[in-house]
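Each remark here refers to the structure printed beneath this line.
Residue numbers (mature numbering (1 follows the signal peptide of the UniProt record, and there is no 0)): -27 to -1, 1 to 381.
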């Protein structure tokens, strides 16, 4: 009995340890704010708009998700999403109190057509903004006020549609049709104040609608080439771009929080960068299914005559060609006419990408230039590289990925 009991206890301990190990292996979540964990449907929007510098917290790592946004806060957030940050004077039509912060946004909102001169006369910057009022700002932000006025008599099949003020029905109609304001399936709740957590989601929708206009230089969309805890390399067109990753960078696939090692080669991602080009946010946009076949490249020493002839014909230009000879493929990369002293071209690596309808050879080519202190002579050279590999199959296309560097 005692022996059986010992065995039973030992089994329980082992099971507990295994259970603990499985739990520990789950993706650890690191959010910018401590009070948003219960809002899974909105966390990505908060993190994304925070990474873009549009949304900020209230201090002490708090976001105050259930706090309503005021009219002034709503206008400031919408203007930031549109990419407007310039200062502006208070318009003479404004009759309200001068707020302690953000008064420049009142003038800017008037200049950009988000509020009218008539509305400014009764504008209260510190009053909570209702959903129908936010709808009006959003529609004007998209330049759709004319459409809103043409749809003032339209109706939507929500139980509380009649609760929308008569002079705002067209704006609410357009905001819903554009996907900026979303009901719960039965009600729109037009007269309820908009909470900060809800505003984050609305701003993300607006940001997507305008095509991320403020993201120039701060946002990159590309295909994952390599990803680890320190950096992510993406293919953008025919270039490879590598960016360092901040510690605990948030990675989202929809509303699911991922570990960075969940990013697979071929995924299309959106990267948001800080001022130092560090990745501070990652969003998976598409999971492409591709079979990746590694290629073992070999230095081609003894070349067939037709390959030699092709090298000779290409050497004065910058070019990349693929040649097949008796079951062996040759990759030729030429740099063109260069001065001697540090200019080079090299075929770094290659892989075969098999999709549903074609097989593509993906080749990484590195062009290296001399350093500032290098001695470059007047003698002319024609840098080139040739690598070979075996592949038992047809290659339909070749895609070149370029990397540029300066010699150390």
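Cβ atoms here follow ideal geometry from the backbone N, Cα and C, with glycine treated the same way.
Query: Since residue 231 sits in a beta bridge, which residues does DSSP pair it with?; Result: 224
Query: Quick one: Cα of residue 228 to Cα of residue 255, how far?; Result: 12 angstroms
Query: Please state whether DSSP places residue 78 in a helix, a strand or coil.; Result: helix
Query: Under 8 angstroms, with one C-beta from each stretch per pair, do the segment 79 to 89 and the segment 104 to 124 reach the 3-pair mark?; Result: yes
Query: With burial defined as no fewer than 16 other Cβ atoms inside 10 Å of the residue's Cβ, what is the status of residue 105: buried or exposed?; Result: buried
Query: Residue 368: which of 354, 325, 357 and 344 sits nearest, CA to CA?; Result: 325
Query: Within its chain, find whatever has a CB closer than 6 angstroms to the CB of residue 217; leave out the 5 residues flanking it on each side and keep chain order.; Result: 204 and 251
Query: If we count the other Cβ atoms within 10 Å of its Cβ and call it buried at 16 or more, is residue 377 buried or exposed?; Result: exposed
Query: To the nearest angstrom, report how far apart residue 238 and residue 199 are at their CA atoms.; Result: 6 angstroms
Query: Check whether the Cβ atoms of residue 309 and residue 290 sit closer than 8 angstroms, and answer yes or no.; Result: yes
Query: Taking 8 angstroms as the cut-off, decide whether the C-beta atoms of residue 245 and residue 192 are in contact.; Result: yes
Query: With hydrogens ignored, establish whether the beta-carbon of residue 333 is closer than 7 angstroms to any heavy atom of the ligand HEM.; Result: You won't find the ligand HEM in this model; it holds no ligand whatsoever.
Query: Which residue comes first and which comes last in the alpha helix (DSSP H) that contains residue 87?; Result: First-last for residue 87: undefined, no H or E at that position.
Query: Does DSSP classify residue 348 as helix, strand or coil?; Result: coil
Query: Leaving aside the five residues before and after residue 66 along the sequence, list all residues of the same chain whose C-beta is less than 7 angstroms from its C-beta, in chain order.; Result: 90, 93 and 94
Query: Could you have a look at residue 49 and say whether DSSP puts it in helix, strand or coil?; Result: helix
Query: Let me know if residue 12 comes out buried or exposed under the rule of 16 or more other beta-carbons within 10 Å of its beta-carbon.; Result: buried
Query: Using 10 angstroms around the beta-carbon of residue 197, count the other beta-carbons present and answer buried if the total reaches 16, otherwise exposed.; Result: buried
Query: Where does residue 68 land, buried or exposed, given buried means 16+ other C-beta within 10 angstroms?; Result: exposed
Query: For residue 325, report the span of its beta strand (DSSP E) as first-last.; Result: 317 to 327
Query: When you compare the CB positions of residue 131 and residue 159, do they come within less than 8 angstroms of one another, or not?; Result: yes
Query: CB-CB under 8 angstroms to residue 49, same chain, minus the five flanking residues each way: which ones, in chain order?; Result: 75 and 78
Query: Judging by CA-CA distance, which residue of 80, 219 and 179 is the nearest neighbour of residue 55?; Result: 179
Query: Using the Cβ count rule (16 or more neighbours within 10 Å means buried), how would you classify residue 43?; Result: buried
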